[in-house]
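In our numbering, the protein residues as written are 90 to 896.
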């Protein structure tokens, strides 16, 4: 038993539904029929309590949790608009929560279903971004046996949303302000009580001093009367013990009779405390474990009724912790009683959490304290606490034994009352469940029916089934489920229809026949349900005809796309084979032309005139140009076929640039173009620029870039090559720049595509290629773990950057 106290109260039996217990549907135990109906119904569904403005969420379908990116633990038992709210800052005119709240209140007021217009509600993804979503909600009242709305069925075709309204926030803020004012008033009252207690303690001290003086004067009288007093006290003690034993026996007999008179849990608790006060205590209370790390005072009774509010406020501000080493917390943990014959002020100081708490405890007026467990069949239901204060009585071990006997009898009565309450609640829930299940069945937007497993006869159908299939309710009830299947599909249907379906779920897609003769595709969900003592199955039906047709069209489109892809791949392979064959076939005559041109130039076939030598030079240059084009085509076909082999090595860039200068030197001199390559010297005197690459492929890329730079730079211009290493020393960048005509921004990526040339009409025929150089260079760079990019503006030159890894 703890020294802190409170006036307790028991849970109300009417009003809003209790927080649901876990079940198959994530909500309250609403009975087998209702649970089966709700669990079997597909779609996005949410069951709400009729407790505005909270609209507590009691059950949610798996589709609902998936659509709202939520979990059952984060949803069930919480207010609807606390979990779902219009909080996307990008939604300038949020109205989904307001409209949903208005719809729910309309349903509560009219007791009629309400179809809402399409609403916007945005969902927050796990990465913090927002997804715009729209929903088509329908709210349906579920009436209890008394005709009042007990639950609301919230069904949406896509997803739904909700928000905690600003009005609820304002009310909470107002309540908080009022509680702060009350707290300040109480602290003022406590300060006055503390001052009065200090004055009383001073007066008590003075009385003790006067008593000491009188004690000295009476010493002689006490010595003389000691023997007589001892004999008198012994007689009085014997008489008192006999009277006490008689009173206790009478009290326990009366207690047993009164406790057995009621099976109501709350009434039994009140009777227990009424018996104890003021017979054995000035204050009695019953405490249980709240399950959240604290204890809750369920019921309390004080000999001074005015102190009830004071005690309740103390417990509210300073809840009893379940891990405290003494008092009710220890008794509930160990199941052992506790007796504190005299509660000194030091104990209160040890228990108090702050000075204000100490003042409240002193105000209760503890003198003696005992706490006993209330146990049934090894289970501790709670703890009975007995406190004296005003009477000044001190508890002794015999009082503790008496309290334990009272607790034993109270435990039996409380357990019987609890069992009766559970049975009565189960009976009422079963009755309500039948009504709710019937309404949920009737008002469902999906077709549903119940059939007898033995005879396959329809036992019940809802209005949606009547509308969708075309038969009236009377016609359905005269039929069996064989009548809604095409005749040739009845035999395989029987195995599914008459099988056990204890857990429910989809049985697949079947053909159903409407009254008009139309055959439709229907996904069937089955679950076993009790029905008037018969073995029955409830079927929830979803027409998927349109969806299956769309799936078939999608499959046909996918097959057509696959065929087109295969044809394109075959055409590409044929193209590559053609280019490769053509390149090889052209190289043979071109090599012969080059060889004979060289023989003629050397004069091996006789002397040549100057005009002849000029013609031979033109033939040689044209042969070289054509051979370069053929080589590019051959390289491209190899890259396209994945036949290029790379031999990476550590390559010093300064050496490669020096070699390339000798190759492009004649072209530079012919056009009077300046060439700058000093920036590709060593990083430091002892550390040159080194990259990891295939040396031959690296030379091919740089030669192509330098040749293009010279080709598209006018006479008197400048070409430069520079090398730089990133700060992290993981890559080296080689930049080839020129002062040529430049490339428009929209062409930056196209120039790396095969057979693409920019401003071909502005390039001399002798300089024109087939548009493969840059495409080949980029593929080679990427094959070595690097890349090739361009920066350029029309009329302002170009800079190509080759990025390669360092060793």
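Cβ atoms here follow ideal geometry from the backbone N, Cα and C, with glycine treated the same way.
Check                                                                                                                             : Outcome
For residue 458 and residue 39, the rounded distance between their alpha carbons                                                  : Only positions 90 to 896 of the chain appear in this structure, which leaves residue 39 out of reach.
contact_flag[the stretch 510-519, the stretch 530-538] where n(CB pairs < 8 Å) is 3 or more                                       : no
Rounded separation between residue 508 and residue 473 - CA only                                                                  : 20 Å
First through last residue of the alpha helix (DSSP H) which encompasses residue 188                                              : 185-199
CB contact flag (residue 802, residue 828, <7 Å)                                                                                  : yes
Euclidean distance between Cα positions of residue 686 and residue 698                                                            : 14 Å
Sufficient close CB pairs (3 or more, under 8 Å) joining the stretch 825-841 to the stretch 787-805                               : yes
Residue environment, residue 150, which counts as buried when at least 16 other CB atoms sit within 10 Å                          : buried
Cβ-based neighbour list, residue 813, same chain, cut-off 8 Å, excluding 5 preceding and 5 following                              : 768, 821, 822 and 824
Cβ shell of residue 761 (< 7 Å), same chain only, five flanking positions each side left out                                      : 804 and 805
Rounded straight-line distance, which links the Cα of residue 634 to that of residue 642                                          : 13 Å
CB-CB length for residue 782 against residue 746, believed under 8 Å                                                              : Residue 782 to residue 746, Cβ: 14 Å. No contact.
Residue 495 in three-state terms, based on DSSP                                                                                   : helix
7 Å CB neighbourhood of residue 368 in its chain, flanking five on each side removed                                              : 340
Cβ contact check for the stretch 222-237 and the stretch 192-212: 3 or more pairs under 8 Å                                       : yes
Proximal residues to residue 429 (C-beta, below 6 Å), its chain only, five neighbours per side dropped                            : 458
Residue 690 in three-state terms, based on DSSP                                                                                   : helix
C-alpha gap between residue 840 and residue 188, whole angstroms                                                                  : 56 Å
Close beta carbons around residue 434, own chain, < 8 Å, minus the five adjacent residues each side                               : 451
Pairwise C-alpha distance: residue 696 and residue 794                                                                            : 39 Å
Chain-order list of residues whose beta-carbon lies under 6 Å from that of residue 422 (same chain, five-residue window excluded) : none
N- and C-terminal bounds of the beta strand (DSSP E) containing residue 596                                                       : 594-602
Residue range of the unbroken beta strand (DSSP E) whose run includes residue 147                                                 : 146-149
Sufficient close CB pairs (3 or more, under 8 Å) joining the stretch 157-168 to the stretch 555-573                               : no
Three-state secondary structure assigned by DSSP to residue 236                                                                   : coil
Residue from 557, 528 and 570 with nearest C-alpha to residue 546                                                                 : 570
Residue range of the unbroken beta strand (DSSP E) whose run includes residue 631                                                 : 623-632
Bridge partner(s) assigned by DSSP for residue 887                                                                                : 881
Same chain, Cβ closer than 8 Å to residue 788, neighbours up to 5 away in sequence not counted                                    : 745, 748 and 749
N-terminal and C-terminal residue of the alpha helix (DSSP H) that residue 542 is part of                                         : Note, residue 542: premise wrong, no alpha helix (DSSP H); not H, not E.
Sequence-distant residues of the same chain with beta carbon closer than 7 Å to residue 566, five excluded per side               : 547
Three-way DSSP call (helix, strand, coil) for residue 590 in this model                                                           : coil
Proximity of residue 371 and residue 460 at Cβ, strictly below 7 Å                                                                : no
Member of 809, 759, 875 and 811 whose CA lies at the smallest distance from the CA of residue 786                                 : 875
Helix, strand or coil at residue 249 according to DSSP, with G and I counted as helix                                             : Reliability fails at residue 249, whose pLDDT of 46 lies under 50, so the model's placement of it is uncertain and the value that follows must be treated cautiously. Residue 249: coil per DSSP, three-state reduction.
Nearest neighbour of residue 615, chosen from 627, 296 and 191 [CA to CA]                                                         : 627
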